[in-house]
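Heads up, the thing below is written out as structure tokens.
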Amino acid sequence: MPEANKQLEIVYRMMSAFASSSDIGQTLYEGLDYIREEIGAEAASFFMLQETGDVLRCDACIGPTDITGLEIPADQGIVGAVTQSDEMRYVRDTAEDSDFTGAVDAKTGFVTKSMICVPVSGNGKRFGALQLINRLDGALFSADDAALVSVYGKSAALALANSQMTKRMVEADNFQRDLRMASRVQESLFPNADFDFIHGVNIPKKGVSGDLYDYVSRDGQIYFCMADVSGKGTDAALVMAKTHSLFRSLSRNMPAVNELAARMNGELVETAFNGMFVTAIIGQYDPQSGAMQCCNAGHEPGLLVDGTGRFSYVEASLQPLGILDFAPHEIDVEHHSLEAARFFCYSDGITEAELNGAMLGATKLAAILAEQMSFSITDQVNHTVEVVRQKAGHLSDDLTLLGLGCAPLKSVGGNPRVTIVEPTPNEEELIFNISVTNEVPELRRLRREIENTLAETQARNIVMNVCLAVDEATQNIIRHAFPENMSGHIEIGGYIAAQKLHISITDTAPLIDLAQVKPRELDDIRDGGLGTHLIMEVSDEARWWHDNGRNRLDLVFAC
Numbered sequence: 086m087p088e089a090n091k092q093l094e095i096v097y098r099m100m101s102a103f104a105s106s107s108d109i110g111q112t113l114y115e116g117l118d119y120i121r122e123e124i125g126a127e128a129a130s131f132f133m134l135q136e137t138g139d140v141l142r143c144d145a146c147i148g149p150t151d152i153t154g155l156e157i158p159a160d161q162g163i164v165g166a167v168t169q170s171d172e173m174r175y176v177r178d179t180a181e182d183s184d185f186t187g188a189v190d191a192k193t194g195f196v197t198k199s200m201i202c203v204p205v206s207g208n209g210k211r212f213g214a215l216q217l218i219n220r221l222d223g224a225l226f227s228a229d230d231a232a233l234v235s236v237y238g239k240s241a242a243l244a245l246a247n248s249q250m251t252k253r254m255v256e257a258d259n260f261q262r263d264l265r266m267a268s269r270v271q272e273s274l275f276p277n278a279d280f281d282f283i284h285g286v287n288i289p290k291k292g293v294s295g296d297l298y299d300y301v302s303r304d305g306q307i308y309f310c311m312a313d314v315s316g317k318g319t320d321a322a323l324v325m326a327k328t329h330s331l332f333r334s335l336s337r338n339m340p341a342v343n344e345l346a347a348r349m350n351g352e353l354v355e356t357a358f359n360g361m362f363v364t365a366i367i368g369q370y371d372p373q374s375g376a377m378q379c380c381n382a383g384h385e386p387g388l389l390v391d392g393t394g395r396f397s398y399v400e401a402s403l404q405p406l407g408i409l410d411f412a413p414h415e416i417d418v419e420h421h422s423l424e425a426a427r428f429f430c431y432s433d434g435i436t437e438a439e440l441n442g443a444m445l446g447a448t449k450l451a452a453i454l455a456e457q458m459s460f461s462i463t464d465q466v467n468h469t470v471e472v473v474r475q476k477a478g479h480l481s482d483d484l485t486l487l488g489l490g491c492a493p494l495k496s497v498g499g500n501p502r503v504t505i506v507e508p509t510p511n512e513e514e515l516i517f518n519i520s521v522t523n524e525v526p527e528l529r530r531l532r533r534e535i536e537n538t539l540a541e542t543q544a545r546n547i548v549m550n551v552c553l554a555v556d557e558a559t560q561n562i563i564r565h566a567f568p569e570n571m572s573g574h575i576e577i578g579g580y581i582a583a584q585k586l587h588i589s590i591t592d593t594a595p596l597i598d599l600a601q602v603k604p605r606e607l608d609d610i611r612d613g614g615l616g617t618h619l620i621m622e623v624s625d626e627a628r629w630w631h632d633n634g635r636n637r638l639d640l641v642f643a644c
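This note's numbering applies: residue 86 is where the sequence shown begins, and numbers increase by one.
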């Protein structure tokens with residue numbers, strides 16, 4: 086057979102063998118047997134470089150001595166030298182080759198006289214080396230023999246590369262199939278009971294979520310749970326499934342909330358998995374009376390929102406579940422009425438979502454929810470999650486929100502509208518959007534953020550006036566707009582357009598009487614009015630108004 090035809094025959098046989106069998110070991114063996122017979126060699130073997138990179142192991146062998154499984158250092162002998170150098174070695178007489186150690190002959194009793202050893206490599210990937218030993222007719226190997234073996238080496242490298250690629254594809258396909266199945270199983274765990282006073286949504290960042298929300302009716306009482314498992318991926322989903330099972334089974338006997346939390350914790354502590362723990366809000370709700378009780382085990386603060394837009398938090402009062410045992414009497418259970426309010430639990434994926442370059446945060450989430458108290462609770466929860474999902478520049482985690490409580494309430498100040506402060510399309514980009522609570526210590530952070538932001542803009546020369554106006558406005562809001570002991574927040578947004586800095590300040594305090602907002606002369610010695618005077622003096626425009634149930638102040642400064 087002409088030499089070129091022999092080479093083509095080798096390639097054809099290797100590709101045919103690979104296509105007909107997924108067993109790469111069998112494919113290599115068949116190819117090795119063919120090339121050995123074609124050349125008339127006494128023995129042939131293939132040494133595979135192991136993943137550690139320092140060992141060569143014989144994975145295929147044909148000849149009088151079976152050395153399959155034999156391991157040698159990857160930097161020793163002719164096979165090691167060929168693998169490392171990625172160059173063929175044609176040894177007509179091993180007695181004259183300094184790299185030939187005879188170590189394998191010493192182990193097997195076989196006598197190696199001449200050898201062809203070629204690298205099995207391709208596209209920068211080294212798989213190992215194959216060798217043919219001793220011609221059966223007693224002659225020495227020729228250059229034509231070496232060329233044929235080299236062709237086999239390249240074909241073997243291609244077959245190995247294809248085999249590894251196929252294995253990765255199969256594994257990836259199996260993983261995706263398992264992930265889809267796990268996702269479907271997890272979806273079946275979420276509640277499907279249809280009530281008009283409770284609703285939840287979960288949007289996994291990936292196929293399987295580490296978040297849990299659940300609720301179940303027990304003799305007219307609604308037990309509910311919002312949980313977030315530490316960690317990500319399949320392990321987190323397994324712990325989540327266990328937490329769900331514990332919540333369902335342990336709530337059957339209608340225990341008190343603190344007893345339910347303690348029992349769930351005890352089970353999770355006993356079977357702790359890879360150091361994982363569960364943050365959770367566990368509660369009970371009576372839809373007839375509106376009475377709600379709950380405890381927070383290391384979770385994000387629960388939100389209580391009423392029809393006036395006021396909100397408060399249910400802070401964590403004990404450690405996450407699954408770390409250490411605790412008794413029911415050690416658990417602080419809060420009691421609230423939801424006759425004219427709603428309670429919301431959420432995962433940190435909601436509050437850590439980035440909107441306009443800053444995390445949403447619990448305060449801004451409360452503002453979005455408060456604007457929708459005239460919606461059904463289903464629409465309110467769905468719409469809020471959709472607002473976050475669509476407007477977030479980056480989602481760091483799963484999005485999960487659970488709400489429960491009263492029927493839709495009449496809104497304050499007209500139809501509610503979810504608004505995240507932004508400039509109009511014709512204006513420049515928003516340069517800051519800051520949210521603070523209605524506490525005086527927060528104002529220092531506010532001033533610092535405004536100063537740092539404006540220092541890099543064309544408004545840097547008016548920073549002092551801007552800070553004076555914003556400081557006076559926010560202090561007035563905290564001291565005069567918010568009733569004593571009422572929690573709330575203030576949002577300050579700013580953008581530059583047409584050489585002017587535009588600032589909007591909105592708050593969640595009860596609506597003020599706009600007729601009472603007016604400046605007074607400096608020599609008019611009485612309480613009130615000086616702050617308004619100062620704001621109007623240092624700004625070019627100042628307008629107080631009501632914006633969809635919110636107090637709002639718009640300020641304009643010429644840059």
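In this text, a Cβ means the ideal position worked out from N, Cα and C, and glycines have one as well. Quick caveat, the model's predicted, so the values are computed rather than measured.
For residue i, which three-state DSSP category applies?
i: residue 393; result: coil
i: residue 152; result: coil
i: residue 170; result: helix
i: residue 110; result: helix
i: residue 550; result: helix
i: residue 475; result: helix
i: residue 642; result: strand
i: residue 381; result: strand
i: residue 561; result: helix
i: residue 332; result: helix
i: residue 184; result: coil
i: residue 230; result: helix
i: residue 285; result: strand
i: residue 303; result: strand
i: residue 576; result: strand
Going by CA-CA distance only, name the one from the options that's closest to residue i.
i: residue 297; options: 309, 304, 325, 282; result: 325
i: residue 231; options: 173, 420, 154, 137; result: 173
i: residue 358; options: 565, 123, 570, 327; result: 327
i: residue 627; options: 603, 634, 635; result: 603
i: residue 396; options: 434, 360, 574; result: 574
i: residue 129; options: 190, 241, 147; result: 147
i: residue 457; options: 402, 376, 393; result: 393
i: residue 124; options: 186, 561, 237; result: 237
i: residue 452; options: 216, 303, 329, 576; result: 576
i: residue 281; options: 489, 156, 517; result: 489
i: residue 288; options: 560, 484, 578, 380; result: 484
i: residue 321; options: 308, 360, 332; result: 360
i: residue 367; options: 375, 346, 411, 376; result: 346
i: residue 375; options: 384, 391, 516, 386; result: 391
i: residue 429; options: 487, 111, 404; result: 487
i: residue 583; options: 543, 300, 192; result: 543
i: residue 635; options: 316, 567, 411, 398; result: 567
Kindly list the residues whose CB is nearer than 7 Å to the CB of residue i, restricted to its own chain and excluding five residues on each side of it in sequence; keep chain order.
i: residue 406; result: 349, 350, 353, 362, 363, 365, 382
i: residue 213; result: 131, 132, 133, 134, 141, 168, 205
i: residue 482; result: 290, 432, 433, 434, 437
i: residue 196; result: 190
i: residue 474; result: 288, 484
i: residue 425; result: 391, 392, 491, 494
i: residue 201; result: 175, 216, 217, 226, 230, 231, 234
Within the same chain, show all residues whose beta-carbon is closer than 8 Å to that of residue i, passing over the 5 residues directly before and after it, in chain order.
i: residue 545; result: 539
i: residue 625; result: 585, 641, 642, 643
i: residue 158; result: 139, 140, 141, 165
i: residue 306; result: 339, 369, 370, 371
i: residue 208; result: 246
What does DSSP give as the partner residues of residue i in its beta bridges?
i: residue 465; result: DSSP, once it has assigned bridges, lists no residue as partnering residue 465.
i: residue 131; result: 145, 215
i: residue 176; result: 200
i: residue 76; result: The chain is shown only over 86 to 644; residue 76 falls outside these bounds and no answer can be derived.
i: residue 631; result: 636
Quick one: is the Cβ of residue i within less than 7 Å of any heavy atom of the ligand ZN?
i: residue 641; result: Here there are no bound small molecules, and the ligand ZN is not part of this structure.
Looking only at its chain, what residues have a beta carbon closer than 6 Å to the beta carbon of residue i, apart from the 5 residues adjacent to it on each side?
i: residue 444; result: 437
i: residue 420; result: 378
i: residue 114; result: 145
i: residue 121; result: 129, 147
i: residue 638; result: 558, 590, 629
At least 3 beta-carbon pairs within less than 8 Å: the segment 145 to 155 vs the segment 176 to 183: no
Cβ pair count under 8 Å reaching 3, the segment 413 to 420 against the segment 587 to 599: no
Three-pair Cβ contact test at 8 Å for the segment 516 to 528 versus the segment 481 to 493: no
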